[in-house]
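Enquirer: Okay, handing you the structure first.
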Amino acid sequence: MSILIKGAGVAGLVLAYELRRRGLNVVLNDAAPQAGLGASHYAGGMLAPWCEREAANETIFDLGLSAADWWDQALPGMVQRRGTIVLALNRDRAELERFARRTHGYQWLDEKCIAALEPALEGRFTRALYFAGEAHLDPRKALLALEEKLVHAGVTLSFGQPMTSPLRRFSKIVDCTGPSAIGNIKGLRGVRGEMLMLETQEIQLTRTIRVLHPRHPIYLVPRGEGRVMLGATMIESNDAGQASVRSTMELLNTAYALHPAFGEARILETGAGVRPAFIDNTPRIVKTRDGIAIAGLYRHGFLLAPALARQAADMMQRDRRKGAA
Amino acid sequence: MALTLYGTTVRSRLLLGTARYPSPLDLSAAVRQSGTEIVTVSLRRETAGSRTGGTFFELIRELGVHVLPNTAGCHTVSEAVLTAKMARDLFRTNWIKLELIGHQDTLQPDVFQLVEAARLLSDDGFEVFPYTTDDLVVGERLLRAGCQVLMPWCAPIGSAMGPQNILALRSMRAEFPEVPLIVDAGMGRPSHATTVMELGYDAVLLNTAVSGAGDTATMARAFALAIEAGKLGHDAGLLEPRDMAVPSTPLIGKGVFA
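This is the structure:
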């Protein structure tokens, strides 16, 4: 008997990989025409548990610590272990102190060290925080690569419509549909996020940069070839409609303040997605009518999917052993 | 000790904003631990229009406290009026915190548009809580426009600087002895709240000072206690400062004269 995973975003693909690695049979189904088109499509791909600790609780930090290793092992070469630089504009310098107080795993950089790490930022900032242990990946490339691995490993993938064939032929059904589960899973809500993809050859960034701002903080994640992903707003809403003018202006404003070269950058894409979250913004595995769900990954899909997948896989293996006994 | 705002009586003199907490659970703990009875909710119009902020707004309603929707982020009278109407539909309340931003950098209110919007909304049956400066003339105009509460800033929004112009706050209190005055914006630490309560203000509205704290629920409680201390201190009758020491026991008969 095989396990049915509903939803081929980061949660579903990672779980499928984890289960297959343990020798279980998996069918992966998504109502969308291909994998990774939901919330995962708009993800930053930061593997940054120390930075997230600023607003996230200890559980999220603990679960996220092993993420970079998991991705590295699953997709060798995909993870960029180059750390994160956290900056604040001159007038918001106090934000940097506040951020530092909330977390750990950083060192202070002076102007020279900033320039040594990211020459493009030379002379623009006098202080920064550097989280050397953090990493990032390109979420779209990572999900494509993972999907390819699953196909090679004999996982059945079906797209375009929800699975309708008799569900009782599956030993377990796991809901990984992310924001689509809002309304079905109690307590799950949506937090809208907007992002942009920019391209400029004028400046090269090689690691994640976060710019603190009391109202409009941003992050920039390099995607190679002069491209950077700029994100992201946090709006309490289930609306996945196009990015708004206001949000776009806010994001671009801070990017422009980071470096005026972004004024000449091309906007390749604007996007908006809905992050599924529970009241404590912490994900969990919950029981559903016909199985379980990995739900509420919030803004931590790539950071937490590996840990949640491992937990779910452990549960299923335990159940299986109990069933066999 | 109770405070009455447009006919609604509350005991807590802390009004709490609901934005930018680490999670809604932290917000809920802050509300509970501070005993606040009024929370403000910002309505981004896109959210209100399609009613997609539903889950979050349900969480707010489940807090079981009065909701004071606000027009945060509005720059024109028509935007503010539209937002207020959406808020009335969404939260079934006539209360509206009227915020009309006039300066992008300092988030200073545009007092001219504020008075105009306050008049339109009051005429339409709204009970307006205007976010204003400490200007007496503007305060007078807002009252004439129908407001029964005034909410002066004490420093720019989110600045955490605390009371910057004690003289202006003092004269505002003296000018409007009967009007509920709520200091809105600019608080950084509990002692700031105590200071304005000692000046005789009726309540304090804040958000960032709590939502940006390391332990949001504990900070909310700290503010609630500070507000209560300031209020009790004011009501008990504060000593006026003098420029000389005044001994608390009579000097005659002390050893020093022997």
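Chains as they are written, first to last, in this note's numbering: chain A, 1 to 325; chain B, 1001 to 1258.
Each residue gets a CB set at the ideal place from its N, CA and C atoms; glycine is no exception.
Considering just the uninterrupted stretch of the alpha helix (DSSP H) at B/Gly1200, what are its terminal residues?
Expert: No alpha helix (DSSP H) contains B/Gly1200, which DSSP labels as neither H nor E.
Enquirer: Using the Cα positions of A/Leu15 and A/Arg227, report the straight-line distance between them to the nearest angstrom.
Expert: The alpha-carbon atoms of A/Leu15 and A/Arg227 are separated by roughly 29 angstroms.
Enquirer: Counting only runs of 4+ residues fully inside the stretch 18-79 of chain A, write out the alpha helix (DSSP H) ranges in chain order.
Expert: 49-52, 58-64 and 67-74
Enquirer: Taking the straight line between their C-alpha atoms, what separation do you get for A/Ala39 and A/Ser2?
Expert: Whole-angstrom Cα-Cα distance: 26 angstroms.
Enquirer: Exposed or buried, what is A/Asp110 when buried is set at 16 or more other beta-carbons lying within 10 Å of its beta-carbon?
Expert: exposed
Enquirer: Could you check if B/Val1128 is buried or exposed, using at least 16 other CB atoms within 10 Å of its CB as the buried criterion?
Expert: buried
Enquirer: Can you tell me whether B/Val1137 is buried or exposed, with buried defined as 16 or more other CB within 10 angstroms of its CB?
Expert: Taking all protein chains shown into account, B/Val1137 has fewer than 16 neighbouring C-beta atoms within 10 Å of its C-beta and is therefore exposed.
Enquirer: Closer than 7 angstroms by C-beta to A/Asn238: which residues in its own chain qualify, once you throw out the five before and the five after it? Chain order, please.
Expert: Ile182, Gly190 and Val274
Enquirer: Just to make sure I have the definition right: I need the residues of chain A whose C-beta is within less than 9 angstroms of the C-beta of B/Leu1143. Which are they?
Expert: In chain order: nothing, as chain A lies at least about 31 angstroms away.
Enquirer: If you follow the alpha helix (DSSP H) that B/Tyr1006 is part of, which residue opens it and which one closes it?
Expert: B/Tyr1006 -> no alpha helix (DSSP H), and no H or E assigned at all.
Enquirer: I'd like to know whether the C-beta atoms of A/Pro276 and A/Gly178 end up nearer to each other than 8 angstroms.
Expert: yes
Enquirer: Given that A/Ala74 touches chain B, what residues does it touch there, using C-beta distances under 7 angstroms?
Expert: Contact annotation for A/Ala74 against chain B: no contact, minimum CB-CB distance about 29 angstroms [criterion: below 7 angstroms].
Enquirer: When Cβ atoms are compared, which residues of the stretch 1094-1124 of chain B fall closer than 7 angstroms to chain A?
Expert: none
Enquirer: Compare the C-beta of A/Ile279 against all C-beta atoms of chain B and say whether one is closer than 8 angstroms.
Expert: yes
Enquirer: Tell me, please, whether the CB atom of B/Leu1059 is closer than 8 angstroms to any CB atom in chain E?
Expert: The structure shown contains no chain E; its protein chains are A and B.
Enquirer: With DSSP as the reference, label A/Pro222 as helix, strand or coil.
Expert: strand
Enquirer: Jot down the residue ranges of each uninterrupted alpha helix (DSSP H) in the stretch 1096-1138 of chain B, minimum 4 residues, whole runs only, in chain order.
Expert: 1111-1123
Enquirer: Using the Cα positions of B/Val1196 and B/Leu1068, report the straight-line distance between them to the nearest angstrom.
Expert: About 22 angstroms.
Enquirer: Distance check for A/Gly23 and A/Thr270, CA to CA, integer angstroms please.
Expert: 40 angstroms
Enquirer: Between which two residues does the alpha helix (DSSP H) carrying A/Asn253 extend?
Expert: Val245 to Leu258
Enquirer: Along chain B, which residues have their Cβ under 7 angstroms away from the Cβ of A/Pro214?
Expert: Gly1158
Enquirer: Using a Cβ-Cβ cut-off of 8 angstroms, state whether B/Phe1056 counts as contacting chain A.
Expert: yes
Enquirer: Taking B/Leu1206 as the reference, give the member of B/Thr1004, B/Thr1018 and B/Tyr1006 with the closest Cα.
Expert: B/Thr1018
Enquirer: Where does B/Glu1062 fall in DSSP's three states?
Expert: helix
Enquirer: Residues of the stretch 1183-1207 of chain B with a CB closer than 9 angstroms to any CB of chain A: list them in chain order, please.
Expert: none
Enquirer: Should A/Gly7 be flagged as near chain B, meaning a C-beta pair shorter than 8 angstroms?
Expert: no
Enquirer: Does the pairing of the stretch 161-176 of chain A with the stretch 193-208 of chain A give three or more beta-carbon distances under 8 angstroms?
Expert: no
Enquirer: Apart from the five residues on each side of it in sequence, which residues of its chain come closer than 8 angstroms, Cβ to Cβ, to B/Thr1216?
Expert: Tyr1021, Pro1022, Asp1026, Leu1027, Ala1029, Ala1030 and Val1210
Enquirer: Give the interface partners of B/Ser1023 over in chain A, defined as CB-CB distance under 7 angstroms, in chain order.
Expert: Ile279, Asp280 and Asn281
Enquirer: What residue from A/Ala313, A/Thr156 and A/Tyr219 has the CA that sits closest to A/Arg207's CA?
Expert: A/Tyr219
Enquirer: I want to verify the contact list: residues of chain A whose CB lies under 8 angstroms from the CB of B/Gly1214, in sequence order.
Expert: Arg101 and Arg102
Enquirer: Looking at the structure shown, is A/Glu202 part of a helix, part of a strand, or coil, going by DSSP?
Expert: coil
Enquirer: Figure out for me which residue from B/Glu1058, B/His1192 and B/Glu1116 has the closest Cα to the Cα of B/Ala1229.
Expert: B/His1192
Enquirer: For my contact list, A/Leu13 and A/Leu150 are in at a C-beta cut-off of 8 angstroms; report their separation, rounded to the angstrom.
Expert: 7 angstroms
Enquirer: Sort A/Glu52, A/Ile60 and A/Gln317 by Cα distance to A/Pro306 and report the nearest one.
Expert: A/Ile60
Enquirer: So A/Val211 packs on A/Leu258, CB below 8 angstroms; how close in whole Å?
Expert: 5 angstroms
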